[in-house]
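Peer 1: Per this note's numbering, the very first residue in the sequence shown carries number 90; after that it's consecutive. Heads up, the beta-carbon is just placed ideally off N, CA and C, and yes, glycines get one too. None of the values given here were measured: they were computed from a predicted structure.
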Amino acid sequence: MKTRMKLRLAAVVSAACLAVAGLAIAHAADTGWNGKVEAPKYKGDMFPPWQGGANNDTVNKGFLFTVPEVDDMADFHGDIDHPKLILYIGGNYYFAVAPLVKTFEAEHPEYKGGVFVVTIPPGLEIKAMKAGGIFTVGNMSFTAKPDAFLAGLKKVKSLISDGMLVGPPVAYATNDLTIMIPKGNPGHITGLKDFGKPGVKLVMPNPAFEGIARQIEASLVKAGGKALEQKVYETGVKDGSTILTHIHHRQTPLFLMQGLADAGVTWKSEAIFQEQIGHPISNIDLPAKYNTTAIYGGAMVKDAAHPAAAKAWLSFVQTPAALKIFEHYGFKPYKK
Numbered sequence: 090m091k092t093r094m095k096l097r098l099a100a101v102v103s104a105a106c107l108a109v110a111g112l113a114i115a116h117a118a119d120t121g122w123n124g125k126v127e128a129p130k131y132k133g134d135m136f137p138p139w140q141g142g143a144n145n146d147t148v149n150k151g152f153l154f155t156v157p158e159v160d161d162m163a164d165f166h167g168d169i170d171h172p173k174l175i176l177y178i179g180g181n182y183y184f185a186v187a188p189l190v191k192t193f194e195a196e197h198p199e200y201k202g203g204v205f206v207v208t209i210p211p212g213l214e215i216k217a218m219k220a221g222g223i224f225t226v227g228n229m230s231f232t233a234k235p236d237a238f239l240a241g242l243k244k245v246k247s248l249i250s251d252g253m254l255v256g257p258p259v260a261y262a263t264n265d266l267t268i269m270i271p272k273g274n275p276g277h278i279t280g281l282k283d284f285g286k287p288g289v290k291l292v293m294p295n296p297a298f299e300g301i302a303r304q305i306e307a308s309l310v311k312a313g314g315k316a317l318e319q320k321v322y323e324t325g326v327k328d329g330s331t332i333l334t335h336i337h338h339r340q341t342p343l344f345l346m347q348g349l350a351d352a353g354v355t356w357k358s359e360a361i362f363q364e365q366i367g368h369p370i371s372n373i374d375l376p377a378k379y380n381t382t383a384i385y386g387g388a389m390v391k392d393a394a395h396p397a398a399a400k401a402w403l404s405f406v407q408t409p410a411a412l413k414i415f416e417h418y419g420f421k422p423y424k425k
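(1) Report the CB separation of Phe205 from Gly167 in whole angstroms; it is logged as a contact under 8 angstroms.
(2) Suppose contacts are defined by Cβ-Cβ distances below 9 angstroms. Is Thr267 in contact with Trp356 by that definition?
(3) Would you call the region 300-317 and the region 375-386 touching, i.e. three or more CB-CB distances under 8 angstroms?
(4) If you measure between the beta carbons of Asn295 and His337, is that distance less than 9 angstroms?
(5) Looking at Leu254 and Tyr438, is the spacing between their C-beta atoms short of 9 angstroms?
(6) Quick one: is Gly151 buried, meaning 16 or more other Cβ sit within 10 Å of its Cβ, or exposed?
(7) Closest to Ser404 by C-alpha separation, out of Glu196, Asn145, Val156, would be which residue?
(8) Please specify which runs of the beta strand (DSSP E), each continuous and at least 3 residues long, are wholly inside the region 160-213, giving them in chain order.
(9) Would a C-beta distance cut-off of 9 angstroms place Trp402 and Phe193 closer than the cut-off?
(10) Under 9 angstroms between the Cβ atoms of His417 and Pro138?
(11) Measure the C-alpha to C-alpha separation of Gly325 and Gly276 and round it to an integer number of angstroms.
(12) Excluding the 5 residues preceding and the 5 following Lys311 in the sequence, name in chain order all residues of the same chain whose CB lies nearer than 7 angstroms to its CB.
(13) Using the DSSP secondary-structure output, state which residues sit across from Ser308 in a beta bridge.
(14) Kindly indicate which three-state DSSP category Lys391 falls into: helix, strand or coil?
(15) Please state whether DSSP places Ala411 in a helix, a strand or coil.
(16) Return the CA-CA distance between Thr120 and Val207, expressed in angstroms with no decimal places.
(17) Tell me the DSSP secondary structure of Ile268 in three-state form.
(18) Can you tell me which of the three DSSP states Ser330 falls into?
(19) Output yes or no for whether 9 angstroms exceeds the beta carbon distance between Tyr182 and Tyr423.
(20) Measure how close the beta-carbons of Lys272 and Ile370 come, nearest whole angstrom, since I'm counting them as under 8 angstroms.
(21) Measuring only the C-alpha atoms, how far is Leu153 from Val354?
(22) Kindly indicate the opening and closing residues of the alpha helix (DSSP H) around Met253.
(23) Decide yes or no for the touch test of the region 229-238 against the region 169-179: beta carbon pairs closer than 8 angstroms, at least 3 of them.
(24) For Asp265, I'd like the list of residues in its chain whose CB is within less than 6 angstroms of its CB, leaving aside the five on either flank, ordered along the chain.
(25) For Gly241, which of helix, strand or coil comes out of DSSP?
(26) Considering only DSSP beta bridges, list what Asn372 is partnered with.
(27) Assign Val156 to buried or exposed, taking buried as 16 or more other Cβ atoms, counted over all protein chains shown, within 10 Å of its Cβ.
(28) For Ile366 and Ile270, which I take to be in contact (beta-carbon distance under 8 angstroms), what is that distance rounded to the nearest angstrom?
(29) CA-CA distance, Gly288 and Pro409?
(30) When we look at the beta-carbon of Ser247 and count the other beta-carbons within 10 Å, is it buried (16 or more) or exposed?
Rendered as structure tokens:
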């Protein structure tokens, strides 16, 4: 009798353990881990911010607390409590923010420590403007209404027409596309046409809110016709060979360094910056016939809280001092 009871108890315990294990496995599968967690194969310093806080011009930084990959707000720069100028800048030159702001403040010391800059993609910045400048990042909400908006000149002009910005627009620099690849080029990419080859993994800007995607689509059509553009942005997205980003200027190099993709198209300046700071990133120039040139422009935001500061910045980005900084990262001065 006791033996049968022990057998029954063992069976119940065994079933319970199997059930728990089953739940654990199901839970693991639901969360995408599939029961396997591996240590990263890359250095922690590959995660943003990549400039050691240099983009923050705050005079008193207080307690320094940044944990890459965990607690990090890489595309928000400066002191939000007492801003003297708030800029929404297209993220493709976030790396130039520190030298630009430093030079601007040297010429306009009245703004020292008071320049706050947002460098997420322009499409997302427009969403923030329509939301009253209110951001919620993780568990934190804050308000940063812009005084000036700087992005592609075409987008700036359209926002002036819509009444969100005040003209005239200011044009100041240009940029070209390039193919960003991991150092060593493990995917053996030689040009845009290779994007159509089986097995190639891509990381690409999202057309929904990243303006660069439109220029990339045009370049893909030039290089391989509509079929190549559809392979990358339609078929590839569906079958998983193309990853669409939210913040391409951060995610593209990160995904490449982590081995998640073989290539991605970015602005030339972004690849140059990654190489300058020593990341295992390289790039492949696009022939002029396949490339697309962007013109950068800006304008003051309607009802800006700091109109004088906005005008001062818009004048500054056209100066030789500012253009020299842009040229360091591969930008070219805009010429009419």
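Peer 2: In short, the structure shows the following:
(1) The pair is a contact, with the Cβ atoms about 4 angstroms apart (cut-off 8 angstroms).
(2) In terms of Cβ geometry, Thr267 and Trp356 form a close pair [threshold 9 angstroms].
(3) yes
(4) yes
(5) What is shown of the chain runs 90 to 425, which leaves residue 438 out entirely.
(6) exposed
(7) Glu196
(8) 174-178, 204-207
(9) yes
(10) no
(11) 16 angstroms
(12) Lys378, Tyr379
(13) Ser308 pairs with nothing; no bridge assigned.
(14) coil
(15) helix
(16) Note on Thr120: pLDDT 42, under 50, position unreliable in the model; the coordinate value appears next. Approximately 32 angstroms between the Cα atoms of the pair.
(17) strand
(18) Of the three classes helix, strand and coil, the one that applies to Ser330 here is coil, per DSSP.
(19) no
(20) 6 angstroms
(21) 34 angstroms
(22) Taken as a continuous stretch (DSSP letters only), Met253 belongs to no alpha helix (DSSP H), as it is neither H nor E.
(23) yes
(24) Lys357, Asn380, Thr382
(25) In this structure, DSSP gives Gly241 an extended state, which the three-state scheme calls strand.
(26) Met269
(27) exposed
(28) Not quite, the Cβ-Cβ distance comes to about 17 angstroms (not below 8 angstroms), so this is no contact.
(29) 46 angstroms
(30) Label assigned to Ser247: exposed.
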